[in-house]
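Asks: For the sequence shown, my numbering begins at 720 and goes up steadily by one.
Just passing along the structure, written as structure tokens.
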Amino acid sequence: MWLDALRQDVRYAFRTLARSPGFTAVGVLVLALAIGVNTAIFSLVNALIFKGIDVEDSESLRFVVSTSEFANRPGEPQTVYGVPYRALIDLRDNNPVFADAFGFRQDRARIRAGREVRLVRGERVTANYFDALRVRPHTGRLFTSADESAASDRVAVISHDLWKSRFHSDPAIAGTVLPLDVVKYSSSFTDAHPYTIIGVAPPGFRGVYKFEPTEFWVLHVQRALDFGPDPGDRLGRPNPVDSLGLIVALRVTDPAKESEMSSLLGGMARHIHTAYFPQLARYTLHLEASRPNRVPFDRTGRIVPARLAAGLFALAGIVALIGLANLTGLLAARGITRRTEMAVRITMGARGTRLFRQSLLEGLLLSGAAAATALVGTVWLMNVLIAAMPEATGGIPDSTIPIVTGIPLDWRVLVYTSGSAVVAALIIAAVPFRQARRVNLLDGLREGGSTSGTGVNPRLQRGILIPQVCCCVILLVVSGVVTRTLIKEELRPRGYNAGGVVAIEYVRPYRPYPPYPYQPEEIQAYQAAKREGLQRILAQIDSHQSARIALAGEHFRSVPLPLSNSTVAARDGFSTSPRHTWVKTFWTTQSYFDVVGIPIILGRGFGAEDTAASERVAVVSQHLARTLWPDGSAIGQYLGMNTPGSGYTPYWQRVIGVAADITLPLSDGNPTPIIYDLLIQRGGNNATLIARSDGDPGQLIEEMKQLLTKADPEILIAGSRMMSDGIDAMMFPRRLAAGILGFAAACGLLLACVGLYGIVSYSVAQRAHEIGIRAALGAERRDIMRLVLRDGLLVIAIGCAVGLALAYTGVKLVSSRLVALPEMGIGPLVAAPILLLIALMLATYIPARRAAAVDPMIALRRL
């Protein structure tokens, strides 16, 4: 019998919603916006933070994190995420709970393909890496304990993607030699070491670095030897197997063992401190549930994932609050029109449970349709977002390597969306059910009871609308702050011209650095070989007439601009009171300023008289010149690189010119001290050719590749990029933040307008008698419109006042405690309420005109 009753209630719910298509459409729209924003933000947070790596039972993985503090810098803890290899073996052999622990660390290499070379990411791991992650080979085999020996032949496992792209899915890949060089810096390219491929990882497995796909795996004990001894290691670990630390991970299936593991790690940390790192003031080990992955496009590495998630969820919560308050108001107003229906049903014997079930079914139908619409909208939004993302992160080394930014619609997203729909359905059911229980049966059964009375309670109306307006103001203000800063950054004069500039990154094989202990004649020969190759390229540049060309040094990071940090000291007074200034450094050639359009405002730029054998020279920015020599000219002064507390005297460079200040991306317009060094005097192995031409950029890139090949047949092209594309990649995080906030603010504004329109419309419908009587007694149209608009304006004024106070306080609090937000400014505080006022008054104007058009005779006939 209860199934028949349920079937009847379902049919009745469909008929009820179909009889009110306007309410149904508005309800689905309101819920779809509220649920859609929350689903989209949760999908983003899920992809960035919650979703683990693509391995079986990733939730059981735990990571051993090491934190150290250097003795000469007390009070500055540094998270190293590194454990010596031998310490890992001791931990694994002497403690059964760590028997399955494995180690890994990120690696890099360049893989040659014809005349070009591609930088790929890899991992150096322990032999049990794949077994611990429960990964099976697609073809061939994976590492075994027999492979884990420095004396064994070097072996490697490659990813399925690399197998397809480079080896064309060769089924006989096992036994193929894969040459892997050592990449310590972006421009280093040494002789490659042969590794024998023994297997291919399964499709979809990209290693434990969630956003950085791994394409090859090698054993740590073999790969570490390729780097050679490290006599300059500040922790005193000349053995490369130990100096190149590992991240340790293991599976924990029994949570009760975590406390035992933590206590064992304490003892192991003391052992490591004594045996390996006696120079450290402190060394600790502890377990974490997830390995920290840098958020994509975060070039500082300072974004805390938990805080990022909290901020995004707060944003989604505000939109959800606006939507729920909106829907509550619509339901409360609609409930008045259904008083007769509820009174009849109660009179016919309907119980409270039946009424609630009926309301719940209507709510489930509404929220179900809204959730389906929200999921479709979320998929579309995520596809738009992924399409807008640059292929690689900007502003950090190896910017030509792509990152993984998939935003899957997995079970977490579906559960979250379903839960949101159920919560919305319960709210939808609760409001009319509460009204039905309070219906006066006599008033409800009286003819016209659905339209009698004075309409929506003004207190209820204000209590519903004011929170919406308040939350909407907060969204608009925060969005305005971020958008205003982004617009200022985009429109601010940069001091250089990136249009038409291309950058071709290349590498040139050369002899590896002389072995330790260094012999002066070997160092001189090494530097001479690099300068000789550089001079051949410069000679080809001088002979090229169709484009302006320059070279950039080893610190090329996404864009050929000064992005590397260093310290500089002026020679005057250095021995008595040394003063160190943080600067941005850049190694380049004499035509660089002309190529990127940076004017020399004092002195001169680099010229033909500046050679490798001449006096070392430098060009400084205006800001650095003012900082070091505020009372005189910088021309002829001397400065040199120095690190605070290093104790050595730097080599001195004479300042020959002052360049105009430039605004670096993400600098917020703050002046940046910059020193430009002459590349051939620094002796660096150049890695980037920069060129500008008014023609086709693609043709220019091909010409520059041919120029490099002609200068040195051994040169390999590592990548090419438009300078403007690199800047766009660096600016993408701020554009993304402004886009998310702007989208949320637009949704909140739309919801607030819909809510105000709906509440005022229902209020006008309920006050038709009152308005008709006022018109019959002589009230003019403008008086009636003023009456309705006044109520809306009061709600807007109160909501704006409270919202502005909360927004200002919240932005200041978040900026000082969590993350540095841009300066507040007066613009958003003024623009947000004005925009909201215009939108909401337009939403109120239509019902006000309808009220002014009420025929007084109709109202009088119903008295």
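For each residue, glycine too, the CB sits at the ideal point set by N, CA and C.
Just so you know, these numbers come straight off a predicted model, no measurement behind them.
I'd like to check one pair, Leu1475 with Gly1511: are the Cβ atoms closer than 8 Å?
Replies: Position 792 of the sequence shown, counting from 1, holds the residue named residue 1511. Position 756 of the sequence shown, counting from 1, holds the residue named residue 1475. In this structure, Leu1475 lies closer than 8 Å to Gly1511 by Cβ.
Asks: Look at the Cβ atom of Cys1519, then the Cβ atom of Val1188, and state whether they are nearer than 8 Å.
Replies: If you number the sequence shown from 1, residue 1519 lands on position 800. If you number the sequence shown from 1, residue 1188 lands on position 469. Against a cut-off of 8 Å, the Cβ pair of Val1188 and Cys1519 comes out as a contact.
Asks: Keeping to the same chain, check which residues put their C-beta closer than 7 Å to that of Thr1428; ignore five residues upstream and five downstream.
Replies: Taking the sequence shown and counting its residues from 1, one reaches residue 1428 at position 709. Answer for Thr1428: Arg834 and Ile1434, listed in chain order.
Asks: Between Ala994 and Tyr1002, what straight-line distance do the alpha-carbon atoms span, to the nearest angstrom?
Replies: In the sequence shown, residue 994 corresponds to position 275, counting from 1. In the sequence shown, residue 1002 corresponds to position 283, counting from 1. For Ala994 and Tyr1002, the distance between alpha carbons rounds to 12 Å.
Asks: Can you tell me whether His887 is buried or exposed? The criterion is at least 16 other CB atoms within 10 Å of its CB, across all chains shown.
Replies: Counting from 1 along the sequence shown, the entry for residue 887 is found at position 168. His887 is exposed by the Cβ-count criterion.
Asks: Tell me the DSSP bridge mates of Phe782?
Replies: In the sequence shown, the residue the question calls residue 782 occupies position 63. The partner list for Phe782 (beta bridge, DSSP) reads Ala968 and Glu1007.
Asks: Would you say the beta carbon of Ile1420 is closer than 7 Å to some non-hydrogen atom of the ligand SAH?
Replies: Judged by which ligands are present, the structure shown has none, so any question about the ligand SAH falls away.
Asks: Determine whether the beta carbon atoms of Leu1049 and Gly1477 lie at a separation below 8 Å.
Replies: Position 330 of the sequence shown holds residue 1049. Position 758 of the sequence shown holds residue 1477. Taking 8 Å as the Cβ cut-off, Leu1049 and Gly1477 qualify as a contacting pair.
Asks: Hey, Asp819 and Leu969 are a contact pair by Cβ (cut 8 Å); roughly how many whole angstroms apart?
Replies: The residue you call residue 819 lines up with position 100 of the sequence shown. The residue you call residue 969 lines up with position 250 of the sequence shown. Correct: roughly 5 Å between the Cβ atoms.
Asks: If you follow the beta strand (DSSP E) that Glu1421 is part of, which residue opens it and which one closes it?
Replies: As a first step, residue 1421 is located in the sequence shown; it is residue number 702 there, counting from the start. It is not in any beta strand (DSSP E) - Glu1421 instead sits in the alpha helix (DSSP H) that spans Pro1416 to Ala1430.
Asks: With a cut-off of 8 Å, do at least 3 Cβ pairs link the stretch 1439-1447 to the stretch 830-847?
Replies: Contact between the stretch 1439-1447 and the stretch 830-847 is absent, because fewer than three Cβ pairs lie under 8 Å.
Asks: Using only CA atoms, which one of Val1103, Phe1462 and Ala1271 lies nearest to Asp1396?
Replies: Taking the first residue of the sequence shown as position 1, residue 1396 is located at position 677. Nearest of Val1103, Phe1462 and Ala1271 to Asp1396, Cα basis: Ala1271.
Asks: Can you check whether the CB of Gly1359 is closer than 8 Å to the CB of Pro1369?
Replies: As a first step, residue 1369 is located in the sequence shown; it is residue number 650 there, counting from the start. As a first step, residue 1359 is located in the sequence shown; it is residue number 640 there, counting from the start. Cβ atoms of Pro1369 and Gly1359: closer than 8 Å.
Asks: Tell me whether Pro1547 sits in a helix, a strand or coil according to DSSP, three-state version.
Replies: In the sequence shown, residue 1547 corresponds to position 828, counting from 1. Note: Pro1547 maps to helix in three-state DSSP.
Asks: If I'm right that Asp973 touches Pro803 with Cβ under 8 Å, what's the distance once you round it to whole angstroms?
Replies: By one-based count along the sequence shown, residue 973 stands at place 254. By one-based count along the sequence shown, residue 803 stands at place 84. Actually they are not in contact, since the Cβ atoms of Asp973 and Pro803 sit about 27 Å apart, beyond 8 Å.
Asks: Can you give me the C-alpha to C-alpha distance between Val844 and Phe823, rounded to a whole angstrom?
Replies: Along the sequence shown, one-based indexing puts residue 844 at 125. Along the sequence shown, one-based indexing puts residue 823 at 104. If I take the Cα positions, the gap works out to 4 Å.
Asks: In whole angstroms, what is the alpha-carbon distance linking Ala943 and Ile892?
Replies: Along the sequence shown, one-based indexing puts residue 943 at 224. Along the sequence shown, one-based indexing puts residue 892 at 173. Taking the straight line joining both Cα atoms gives about 25 Å.
Asks: Checking the sheet assignment: what are the DSSP bridge partners for His1299?
Replies: Numbered from 1 along the sequence shown, position 580 holds the residue referred to as residue 1299. In the DSSP output, where bridge partners are listed per residue, His1299 has Ala1288.
Asks: Please report the straight-line C-alpha distance between Arg1401 and Thr863, rounded to a whole angstrom.
Replies: Your numbering for residue 1401 matches position 682 in the sequence shown. Your numbering for residue 863 matches position 144 in the sequence shown. Straight-line Cα distance between these residues: approximately 46 Å.
Asks: Between which residues of its own chain and Arg1536 is the CB-CB distance below 8 Å, once the five residues before and five after are set aside?
Replies: Stepping through the sequence shown from its first residue, residue 1536 is reached at position 817. Confidence at Arg1536 is low in this model, with a pLDDT of 49, below 50, so the placement of that residue is unreliable and no value is reported for it.
Asks: Looking at the secondary structure, which residues open and close the beta strand (DSSP E) in which Met1441 lies?
Replies: Residue numbering aside, residue 1441 sits at position 722 when the sequence shown is read from its first letter. Note, Met1441: beta strand (DSSP E), Leu1435 to Met1441.
Asks: DSSP three-state call for Leu983: helix, strand or coil?
Replies: Along the sequence shown, read from residue 1 onward, the residue named residue 983 stands at position 264. Note: Leu983 maps to helix in three-state DSSP.
Asks: Take Arg873 and list the residues in its own chain whose beta-carbon comes closer than 6 Å to its own, dropping the five residues that flank it on each side.
Replies: Within the sequence shown, numbered from 1, the residue matching residue 873 stands at position 154. Excluding positions up to five away in sequence, the list reads Tyr914 and Gln941.
Asks: Please classify Ile1242: is it buried, with 16 or more other beta-carbons within 10 angstroms of its beta-carbon, or exposed?
Replies: Within the sequence shown, the letter at position 523 stands for residue 1242. Flag for Ile1242 reads exposed.
Asks: Can you list the alpha helix (DSSP H) stretches of 4 or more residues lying completely in the stretch 836-861, in chain order?
Replies: For the stretch 836-861, whole alpha helix (DSSP H) runs of length 4 or above, ordered along the chain, are 848-851.
Asks: Express the C-alpha separation of Ser785 and Ala975 in angstroms, rounding to a whole number.
Replies: Reading the sequence shown from its first residue, position 256 is the one you call residue 975. Reading the sequence shown from its first residue, position 66 is the one you call residue 785. One C-alpha to the other measures close to 22 Å.
Asks: For Asp826, does the count of other Cβ atoms within 10 angstroms reach 16, so buried, or fall short, so exposed?
Replies: Your numbering for residue 826 matches position 107 in the sequence shown. Buried, because 16 or more other Cβ atoms sit within 10 Å of the Cβ of Asp826.
Asks: Here's the rule: buried if 16 or more other CB atoms are within 10 angstroms of the residue's CB, otherwise exposed. What is Tyr731?
Replies: Numbered from its first residue, the sequence shown carries residue 731 at position 12. Exposed, since its Cβ has fewer than 16 Cβ neighbours within 10 Å.
Asks: Could you please give the first and the last residue of the uninterrupted beta strand (DSSP E) stretch that includes Thr1407?
Replies: Here the question's residue 1407 lines up with position 688 in the sequence shown. Unbroken beta strand (DSSP E) run through Thr1407: Thr1407 to Arg1411.
Asks: When burial is assigned at 16 or more other CB atoms within 10 Å of the CB, is Gly1546 buried or exposed?
Replies: By one-based count along the sequence shown, residue 1546 stands at place 827. Exposed is the call here.
Asks: To test your reading of the DSSP string, which unbroken beta strand (DSSP E) runs of 3 or more residues are found completely within the stretch 1021-1047?
Replies: Taking only runs of at least 3 residues, no beta strand (DSSP E) segment lies wholly in the stretch 1021-1047.
Asks: Identify every run of the alpha helix (DSSP H) within the stretch 1307-1361, keeping only runs that are complete inside it and at least 4 residues long; order them along the chain.
Replies: Whole alpha helix (DSSP H) segments, 4+ residues: 1311-1315 and 1341-1347.
Asks: In the structure shown, what three-state DSSP assignment does His939 receive?
Replies: One-based indexing of the sequence shown puts residue 939 at position 220. Note: His939 maps to helix in three-state DSSP.
Asks: Following the continuous alpha helix (DSSP H) through Arg834, name the residue where it begins and the one where it ends.
Replies: Here residue 834 is taken as the residue at index 115 of the sequence shown, counted from 1. First-last for Arg834: undefined, no H or E at that position.
Asks: Locate the alpha helix (DSSP H) running through Tyr804, then write down its first and last residues.
Replies: Mapped onto the sequence shown, residue 804 falls at position 85. Tyr804 -> alpha helix (DSSP H) spans Tyr804 to Asn813.
Asks: Let's see if you can read the secondary structure: which residues bound the beta strand (DSSP E) around Asp1380?
Replies: The count along the sequence shown starts at 1 and reaches residue 1380 at position 661. No beta strand (DSSP E) contains Asp1380, which DSSP labels as neither H nor E.
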